[in-house]
Structures are given as C-alpha cells and as structure tokens.
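J.:
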Amino acid sequence: DVKVTQSSRYLVKRTGEKVFLECVQDMDHENMFWYRQDPGLGLRLIYFSYDVKMKEKGDIPEGYSVSREKKERFSLILESASTNQTSMYLCASSYPRREKETQYFGPGTRLLVL
Amino acid sequence: DQQVKQNSPSLSVQEGRISILNCDYTNSMFDYFLWYKKYPAEGPTFLISISSIKDKNEDGRFTVFLNKSAKHLSLHIVPSQPGDSAVYFCAARTVTSGTYKYIFGTGTRLKVLA
Chain Y
1 DVKVTQSSRY LVKRTGEKVF LECVQDMDHE NMFWYRQDPG LGLRLIYFSY DVKMKEKGDI
61 PEGYSVSREK KERFSLILES ASTNQTSMYL CASSYPRREK ETQYFGPGTR LLVL
Chain H
115 DQQVKQNSPS LSVQEGRISI LNCDYTNSMF DYFLWYKKYP AEGPTFLISI SSIKDKNEDG
175 RFTVFLNKSA KHLSLHIVPS QPGDSAVYFC AARTVTSGTY KYIFGTGTRL KVLA
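In structure tokens:
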C-alpha cells in the first residue's frame, strides 16, 4: 500500500512566521503535489514536482515555495505566514501513467495562522 | 475561472437508493477524469476513474458516466450505504510542462440516511 505521510496533523503559527510542511511518500513516485482545501473552493494546486529538484507552479503559488531535494520528500514553505493561509494542506504523490494514474493523498495538515 | 464545477454542494439520499453526483467541465483537452472520496480529518482516497475515450466505467456499486459532448461527468452509487457519506470530489487531468496536472471540483457532500 502506498503511504503518504505529513509531518503534522495540526499546526498553529503566528503571522510572519516561517512555516515548513513536510511530506514523505514511500512508493518511489515521480510526481508530488501540494494542495490546499478551503470550504466552497475545493482542492487548489499550489505547487507540484515531477522530479528531484524540479518544481512547477500550480494555480495559487503566491506566498509559497517548495523544495524537493530527495525523491521521497516534498516540502511546502510559507515564507511569512499570513492569516489568509489558514487552511487544510494536502500532499499527494503519483507515478505518471497515461492510463489509470491516481494520486495518493496524505492525511492533511490543518494550519491555523493567528 | 473554475474549469471543473460541482454545482451541488450537498446531497441527501435514503439508504438503498441511488446517489447521483454531477460534475461539469469546460476544457475539452482534459483526457482523464477521476472521483475521490474524502472523510473528515482524512486525505481524499481514489474511487473510480474514466478515460476520455470511454463513456462508462463500472466498479461494483460505483459507475462513472462521461458525456463528452455535454462536458459532463456523473458518479452513480447504487445502492447507497451510510458508509458512503463523505465529500466527493471530481478531478480532471491535463498536461502541463510535459507532466500531468489535476484540476479538482469544489466537492459535493453526500449524506446517506439510514
């Protein structure tokens, strides 16, 4: 079974703090993704990576950066947390296949920025 | 610009009846569609998918229908069970920078009444 783990389930930070969210997958997947989930907005893609040290902006990258130094680990960084970054953050990984590709999600990190 | 829309935020169905969840999309270049199910405090889990070259895919109680001319996707659950109560997201796949990227809908909360 694919396992995607996220470093924290719940996190409380103060405005202006630098925040690191870590994600690790154990299936040697090429692709990794960071989403945020907000009520009424669904899942929105922040950044994704298709290989080590490679990254691509998603739909809402402003205020975020990412790091992928090892294949199994994909980190999301909030350089200076703001209250509008309070959200549920979901990490996912997948192996790129034309047919039957699916994403495997971690349990999520609920971040509260005060 | 919401490329994937789930216009019903919630749906209630009696146990044993059929649940029909709908999804509309605007981009005719999407080549693959998926449904995910999400319980509270957990990450989404893959449910069923369909390629754009097909119009139906069935897996046990779950069937996904694709109408390309209408740009419409639906998920049928029959018979519905209380354990099916969750938020359902549809997602569509596109290619960006040579890799796959997913666009998610806003989700429909299904409640199956015992």
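Residue numbers (the numbering used here), protein chains in the order written: chain Y, 1 to 114; chain H, 115 to 228. Backbone N, C-alpha and C define an ideal beta-carbon position, used for all residues, glycine too.
In the DSSP assignment, what are the bridge partners of H/Ile162?
T.: H/Trp149, per the DSSP bridge assignment.
J.: What does the alpha-carbon distance come out to for the pair Y/Lys71 and Y/Cys91?
T.: Using only the alpha carbons, I get a separation of about 14 Å.
J.: Ignore the nearest five residues each way along the sequence and tell me which others in H/Gln128's own chain have a CB closer than 8 Å to its CB.
T.: Cβ neighbours of H/Gln128 beyond the five flanking positions: Ser194, Val226, Leu227.
J.: Return the residue from the list Y/Glu56, Y/Asp28, Y/Lys55 that minimises the CA-CA distance to Y/Ser93.
T.: Looking at the Cα atoms, Y/Asp28 is the closest of the given residues.
J.: Starting from the C-beta of Y/Phe33, find all residues in its chain whose C-beta is less than 6 Å away, skip the five residues before and the five after it, and write them out in chain order.
T.: If we look at Y/Phe33 and ignore the five residues flanking it on each side, its Cβ neighbours are Phe48, Ala92.
J.: With H, G and I counted as helix, E and B as strand and the rest as coil, what does DSSP make of H/Gln116?
T.: Correct three-state label for H/Gln116: coil.
J.: Buried or exposed, going by whether 16 or more other CB atoms sit within 10 Å of the CB of H/Asp198?
T.: Buried, by the Cβ-count rule.
J.: So with CB distances below 7 Å, who are the chain H contacts of Y/Gly42?
T.: Ordered by position in chain H, the residues that pass the 7 Å Cβ test against Y/Gly42 are Phe203, Phe218, Gly219, Thr220, Gly221.
J.: Got a sec: which bits of the segment 143 to 172 of chain H sit with their beta carbon under 9 Å from any beta carbon on chain Y, in order along the chain?
T.: Flagged, chain order: Asp145, Tyr146, Leu148, Tyr150, Lys152, Ala155, Glu156, Gly157, Pro158, Thr159, Phe160, Ser163, Ser165.
J.: I'd like the list of long-range same chain contacts for Y/Glu22, defined as Cβ closer than 6 Å, with 5 residues on each side in sequence excluded.
T.: Here the set comprises Ser7, Ser75.
J.: Verify the CB distance criterion: does Y/Tyr104 have a CB-CB separation below 9 Å to chain H?
T.: Judged by the 9 Å Cβ criterion, Y/Tyr104 is in contact with chain H.
J.: Who are the neighbours of H/Tyr214 on chain Y, taking C-beta pairs under 8 Å?
T.: Correct list: Asn31, Ser94, Pro96, Glu101.
J.: If we count the other Cβ atoms within 10 Å of its Cβ and call it buried at 16 or more, is H/Arg131 buried or exposed?
T.: Label assigned to H/Arg131: exposed.
J.: Chain C partners of Y/Tyr50, CB-CB under 9 Å?
T.: Annotation note: the requested chain C is absent from the structure, which comprises protein chains Y and H.
J.: Going along the chain, which residues of its own chain have a beta-carbon closer than 6 Å to the beta-carbon of Y/Ser80, five neighbours each way excluded?
T.: Taken in chain order, the residues that qualify are Gly16.
J.: Roughly how many angstroms lie between the CA atoms of Y/Gln25 and H/Leu187, to the nearest whole one?
T.: Taking the straight line from one Cα to the other gives about 30 Å.
J.: Under 9 Å between the Cβ atoms of H/Ala200 and Y/Pro107?
T.: No, the pair does not count as a contact, with Cβ atoms beyond the cut-off.
J.: Helix or strand or just coil, what does DSSP make of H/Gly197?
T.: Helix.
J.: Of all the options H/Leu224, H/Phe218, H/Asn141, which has the alpha carbon lying nearest to the alpha carbon of H/Lys182?
T.: That would be H/Asn141, whose Cα lies nearest to the Cα of H/Lys182.
J.: Which first and last residues belong to the beta strand (DSSP E) in which Y/Val12 is found?
T.: Y/Val12 -> beta strand (DSSP E) spans 10 to 13.
J.: How long is the line joining the alpha carbons of H/Ile162 and H/Pro123, rounded to whole angstroms?
T.: Looking at the two C-alpha atoms, the distance is approximately 20 Å.
J.: Return the chain-ordered list of same chain residues with a C-beta closer than 6 Å to the C-beta of H/Tyr216, the five sequence neighbours on each side being excluded.
T.: The residues are Ala205, Arg207.
J.: H/Arg175 CB to nearest chain Y CB: under 9 Å?
T.: Not one chain Y Cβ lies under 9 Å of H/Arg175.
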